[in-house]
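To start, the structure itself, in structure tokens.
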DNA sequence: TATTGTTATACTCTATAACTATA
DNA sequence: TATAGTTATAGAGTATAACAATA
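As structure tokens, this is what we get:
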């Protein structure tokens, strides 16, 4: 018989269909669970979501500065430094100097890094298939529209707490 | 006709309508922006989202044990200890001993705590109106269904990876 | 033995400020 | 002056393990 969803109880504060606090909690839970799932899938590779994002971005966009990576992924520049330190120590990416601007880097994937980018993308696909695969194209489109609407409205009025406007 | 989404670039990794990684990033961004908005609104009261959740829950459910609060809000018991320390220091809640179980507390709001619970709920309503008020009942229903589906599918498979031997 | 709560610890994420070297 | 990157630091979220008192 149907028991309550285990562990987390997204409706604990009320019904998210009518209760804003419960809807916010549901949003938080879905995000946290999704990230946790991806981390679990990436664990055998020895990387986590933060590395994954940069690997995939570099594999896609080619050599990029740290600031560029931060802008693409919504990360602070200091966060990119830390993640890049880890990726270099893992031998997956290298900091080469940009030719035209000696302040900046042109971050490149190593051969191993490119392999990791693709292997981890495949691993991530398995998580995605489970989490998002059941969505019809219309469902998915709707979800993106709804989330984007919430995001832009939050960013509008959040007391000038602008994220990465650098 | 469509220009790029402002501020954060949730589509930086790709189009979330077709790219799973971008959809995950969008989910993260929406959550983070929502929490940030609520924190900004609660700041004048001197509390944050974590206190808000407990205040509202206590105001609604009446005296509750710490473990009960954690279960309702998806918080670890050690997290509840920390938040309760803060709420007691703020004079908003008190730890009374449960009558039937001398291990447990029956956490109660103070008069001031009840006032805070309602004032902060009103403040939260303003955030909610901006973030969620534009959703039609059908939109909202759909969003809840989609997020719940993602959450349960994530919780299903992500914890099975832990070896967790005894 | 199991559970409530406490403490210690640790890792992640986010954010800021101060600093360097270039531009 | 402004920008790319580095470093240090801090707060918040999440999690676990060890422990005392009680069930």
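Residue numbers (our numbering), protein chains in the order written: chain A, 1 to 166; chain B, 1 to 166. Idealized CB from N, CA, C, for every residue including glycine.
Out of the options, which has the shortest C-alpha to C-alpha gap to residue i?
{"i": "residue 50 of chain A", "options": "A:39, A:18, A:65 and A:151", "result": "A:39"}
{"i": "residue 23 of chain A", "options": "B:115, B:29, B:140 and B:77", "result": "B:140"}
{"i": "residue 109 of chain A", "options": "A:58, A:99, A:135 and A:155", "result": "A:58"}
{"i": "residue 174 of chain A", "options": "A:27, A:142, A:113 and A:20", "result": "Past the boundaries of the shown model lies residue 174 of chain A; chain A is included only from 1 to 166, so the question cannot be answered."}
{"i": "residue 146 of chain A", "options": "B:69, B:15, B:26 and B:14", "result": "B:26"}
{"i": "residue 135 of chain B", "options": "A:138, A:123, A:137 and A:148", "result": "A:148"}
{"i": "residue 111 of chain B", "options": "B:94, B:14 and B:86", "result": "B:94"}
{"i": "residue 121 of chain B", "options": "B:17, B:42 and B:15", "result": "B:42"}
Taking only beta-carbon atoms, is residue i less than 8 angstroms away from chain A?
{"i": "residue 62 of chain B", "result": "no"}
{"i": "residue 74 of chain B", "result": "yes"}
{"i": "residue 26 of chain B", "result": "yes"}
{"i": "residue 144 of chain B", "result": "yes"}
So, does the CB of residue i fall closer than 8 angstroms to a CB anywhere in chain B?
{"i": "residue 56 of chain A", "result": "yes"}
{"i": "residue 47 of chain A", "result": "no"}
{"i": "residue 80 of chain A", "result": "no"}
{"i": "residue 31 of chain A", "result": "yes"}
Who are the neighbours of residue i on chain B, taking C-beta pairs under 7 angstroms?
{"i": "residue 21 of chain A", "result": "56 and 124"}
Starting from the beta carbon of residue i, find every residue of chain A whose beta carbon is closer than 9 angstroms, and list them in chain order.
{"i": "residue 141 of chain B", "result": "17"}
{"i": "residue 13 of chain B", "result": "53, 56, 57, 60, 72 and 73"}
Report the neighbours of residue i on chain A: residues whose CB is nearer than 8 angstroms to its CB, in chain order.
{"i": "residue 153 of chain B", "result": "130, 131 and 134"}
{"i": "residue 150 of chain B", "result": "30, 33, 34, 131 and 132"}
Can you pull the chain A neighbours of residue i, defined as C-beta to C-beta under 7 angstroms?
{"i": "residue 179 of chain B", "result": "A question about residue 179 of chain B goes unanswered here, because the residues of chain B that appear run from 1 up to 166."}
*Quick one: which unbroken alpha helix (DSSP H) runs of 4-plus residues sit fully inside the stretch 45-101 of chain B? Chain order, please.*
If we require 4 residues or more, the alpha helix (DSSP H) runs fully inside the stretch 45-101 of chain B come out as 49-61, 66-73 and 77-89.
*Which ranges does the beta strand (DSSP E) cover as unbroken runs of at least 3 residues, wholly within the stretch 110-158 of chain A, from first to last along the chain?*
Fully enclosed beta strand (DSSP E) runs of 3 or longer: not present.
*chain A contacts made by the stretch 100-120 of chain B, where a contact means CB separation under 8 angstroms*: For the stretch 100-120 of chain B, the set of positions with a beta-carbon nearer than 8 angstroms to some beta-carbon of chain A is empty.
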